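Have a look at the structure below, then the notes.
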Amino acid sequence: MCGIVGAAARRDVVPVLIEGLRRLEYRGYDSAGLAVIDEHSRLVSARAVGKVAALADRLDAEPFAGQVGAAHTRWATHGGVSEANAHPQRSGDNVAVVHNGIIENYESLREVLEGKGYGFHSQTDTEVIAHLIDSHLQTGLGLREAVRTSLGELDGAYAIVAVTPDEPTRLVAARRGSPLVLGVGNGEHFVASDAAALLPVTRHFVFLEEGDLVDLTADSAEVIDLQGTTVTRPVVESSLSADAADKGGYRHYMLKEIFEQPKALGDTLSERFAHGRPLEAVLGPDAAELLPQVRGVHIVACGTSYHAGLVARYYLEQGGGVPCTVEVASEYRYRDPVVPPGTLFLAISQSGETADTLAALRFARGSGYVATAAICNVPESSLVRESDLVLMTRAGPEIGVASTKAFTTQLAALGLFGMLVARHNRLDARMEKLYARQLLHVPAQVEKTLQLESAMIKWAEWFADKHHALFLGRGPSFPVALEGALKLKEISYIHAEAYPAGELKHGPLALVDADMPVVAVAPNNRLIEKLKSNLQEVRARGGQLFVLADPDTGIRSEPGIEVVTMPEHIEALQAPLVYTVPLQLLAYHVAVARGTDVDQPRNLAKSVTVE
Ligand code: G6P
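Numbering (UniProt numbering), first residue to last: 1 to 611.
Structure, rendered in structure tokens:
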């Protein structure tokens, strides 16, 4: 991952680059750096370990300025977190490069370059790119051709930006496997990993395609495709506003995003139903032709999006009789899956840029599926552009690294998607209308469930000094338990695991004691009596239970069992969406109580664009 931003203008671009980095920090935040060509056509740069604020402080203390430059916020892949490994990586005073991605053949390239006399000062794969470009500049090539030639020698995935004082008004950028967008300003041009980084300076973007190289000055931007041909790519006006990404009075983005869920869910569902049933056209113009052919679904995703996929399996199979498999993308892409006739491939991704998910999609394209489909939150993402059918989640920008509203809106979109597929299989119109009504009621249920925050603050006091926690659920509540455990470990660093409650006796029960809080998700469904027995197994071993229960279950608080009752009866289709909300609040308040960095937890990043 990492975030990159570049600018060519007729004003000092340092403030633009710093603001761009701040907006890209969700992509990585272990160190940051920036290089510009100054007024004397010299390459100057600064780097700092830590967040972008540390770099900004350094630049306040030792300022410099320039009209062309590139900047970077890092999530370490090759080489530990240190100033020497931060970007820009330089080749002496002649080239500076920022890079997002991984160069797989960097070791062999490094040997060749060392043979040519280049000294290396970092452990990064990126430093190789800087020296490689310099070696081609030394043969008399201009920056554009030096970059193009270098890229031909690199294996792996990347987005890069390069500058040289030899051509002080120029910046050359390229993408292969990592996202990059070109921002078109008024007499100035920019590039960045994400359009959101450039919203303060422009709303006009070109979404670069795989293999594109772009040659920028303040006045011009030439895009060159993989074949070396100059191409014209459409300029798109973004509907996002520059302030879409502020905290709106909340202490953390994560809390704001948790509380935005009723609106986000409403947006995901609005104008997508007619006569009480979902509209096929929400998946795009080809849906009418493709959906009747679908007899099964393969879902592929990572992280929280994978948990959404696990819930969708219940929607498709139980509600609709549609066979469904769900797999993490990093495994699927190397597994040679067997594709039964009539199978649809579905990728779920908040960002639409997760490297493993994108690679899985590209693999699936030639693998005999009826079609590829994407459920995604970012309209301009690679995943959306490369899928046959697309359903947007409309969650709005999600900044907190721990995913919240992106997850619940994925579930809402999957509810809708499930009906559209299942109606061509076992789902009849009467049931479809019932499910549609249940889904449309979810935003109101989530609104009420947010009122459980004070109860979750109390629970959080129990968890704050613990080292481990277990989460239990059965049926579709198992993925909800997985998501609850993931939230807790991501932001509070408490080791948390989730199990299907019936599996407890096959091992995890050995861990249960008074120091191991056990959270159970207990909607009133056909498995409730079995779940109650599983909870007894925990109580009998002295485990402390925290149960989120449907009011109809009859589960009440007693010594050793803390019960929080949901605000109303929640139907099976609704339960994964609604029960997720208190678990998000629990994780958030435990993290606050422990004083961790809620929005930018250690070692993580929001968008993982490396394998
Ligand atoms: C990262 C994020 C997770 C996210 C996962 C998949 O690991 O930290 O929150 O669930 O990537 O991201 P995607 O954008 O594909 O949903």
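Just so you know, even glycine gets a beta-carbon here, dropped at the ideal spot from N, CA and C.
Here the structure is a predicted model, which means the values were calculated and not measured.
Set against 7 Å, the gap from the CB of Ala-605 to the closest heavy atom of the ligand G6P is smaller. According to the DSSP assignment, Ala-287 belongs to the alpha helix (DSSP H) that extends over 287-290. Under DSSP, Arg-556 shares a beta bridge with no residue. For His-307, the enclosing alpha helix (DSSP H) stretches over residues 303-314. Set against 7 Å, the gap from the CB of Gly-484 to the closest heavy atom of the ligand G6P is not smaller. Setting aside the 5 residues that flank it on each side, Ala-464 is surrounded in the same chain by Val-590, Ala-593 and Arg-594, each with a C-beta closer than 7 Å to its C-beta; the list follows chain order.
Per DSSP, the unbroken beta strand (DSSP E) holding Gly-6 starts and ends at 3-8. In terms of Cα proximity to Arg-144, the closest of Val-214, Asn-105, His-78 and Ser-135 is Val-214. Among the bridge pairs identified by DSSP, Gly-156 is matched with Ile-103. Counting only residues of its own chain and dropping the five nearest sequence neighbours on each side, Ala-395 has a CB closer than 6 Å to the CB of Ala-264, Asn-377, Lys-405, Ala-406 and Thr-409. Exclusion of the five residues before and after Thr-217 leaves Ala-8, Thr-169 and Arg-170 as the residues of its chain whose Cβ lies within less than 6 Å of its Cβ. When C-alpha distances from His-40 are compared across Lys-51, Ser-122, Glu-167 and Glu-398, the shortest belongs to Glu-167.
The Cβ atoms of Leu-470 and Gly-319 do not sit closer than 8 Å to each other.
If you check the C-beta of Ala-395 against the ligand G6P, you find no heavy atom less than 7 Å away. Nearest Cα to Gln-261 within the set Val-578, Ala-355 and Val-161: Val-578. For Ile-399, there is no enclosing alpha helix (DSSP H), as DSSP gives it neither H nor E.
For Pro-200, the three-state secondary structure derived from DSSP is coil. Around the beta carbon of His-275, fewer than 16 other beta carbons lie within 10 angstroms, which makes this residue exposed. Per the DSSP secondary-structure output, Tyr-499 pairs in a beta bridge with Leu-472.
Collapsing the DSSP output to three states places Met-392 in a strand. Membership of His-189 in the beta strand (DSSP E) is indicated by the continuous run 189-192. Look at Cys-302: its beta carbon is less than 7 Å from one of the heavy atoms in the ligand G6P. Straight-line spacing of the CA atoms in Glu-568 and Ser-349 works out to 31 Å.
Going by beta carbons, Leu-545 and Pro-582 fall outside the 8 Å limit. For the beta strand (DSSP E) assignment, the uninterrupted runs of no fewer than 3 residues enclosed by the UniProt domain "SIS" (459-601) are, from N- to C-terminal side, 468-473, 495-500, 518-522, 545-549 and 561-565. By a beta-carbon distance limit of 8 Å, His-252 does not contact Asp-30. Their separation comes to about 20 Å.
In this structure, Asp-212 lies away from Gly-187, with their beta-carbon atoms at least 8 Å apart. Residue pairing of Thr-73 in beta bridges, as defined by DSSP: Gly-3 and Ala-32. Thr-139 counts as exposed, since fewer than 16 other C-beta atoms from the protein chains shown sit within 10 angstroms of its C-beta. Remark: C-beta atoms of Leu-389 and Ala-287 approach each other more closely than 8 Å. In the structure shown, the three-state DSSP call for Pro-179 is coil. For Thr-393, same chain residues with a beta-carbon under 6 Å away, outside a window of 5 residues either side, are Thr-268, Asn-377, Thr-409, Gln-410 and Ala-413 in chain order. Of the heavy atoms belonging to the ligand G6P, none sits nearer than 7 Å to the Cβ of Thr-596. In the structure shown, the three-state DSSP call for Leu-43 is strand.
Not one heavy atom of the ligand G6P sits closer than 7 Å to the Cβ of Gln-261. Only residues of its own chain outside the window of five on either side were considered, and among them Gly-33, Glu-83 and Ala-86 have a CB closer than 6 Å to the CB of Arg-47, listed in chain order.
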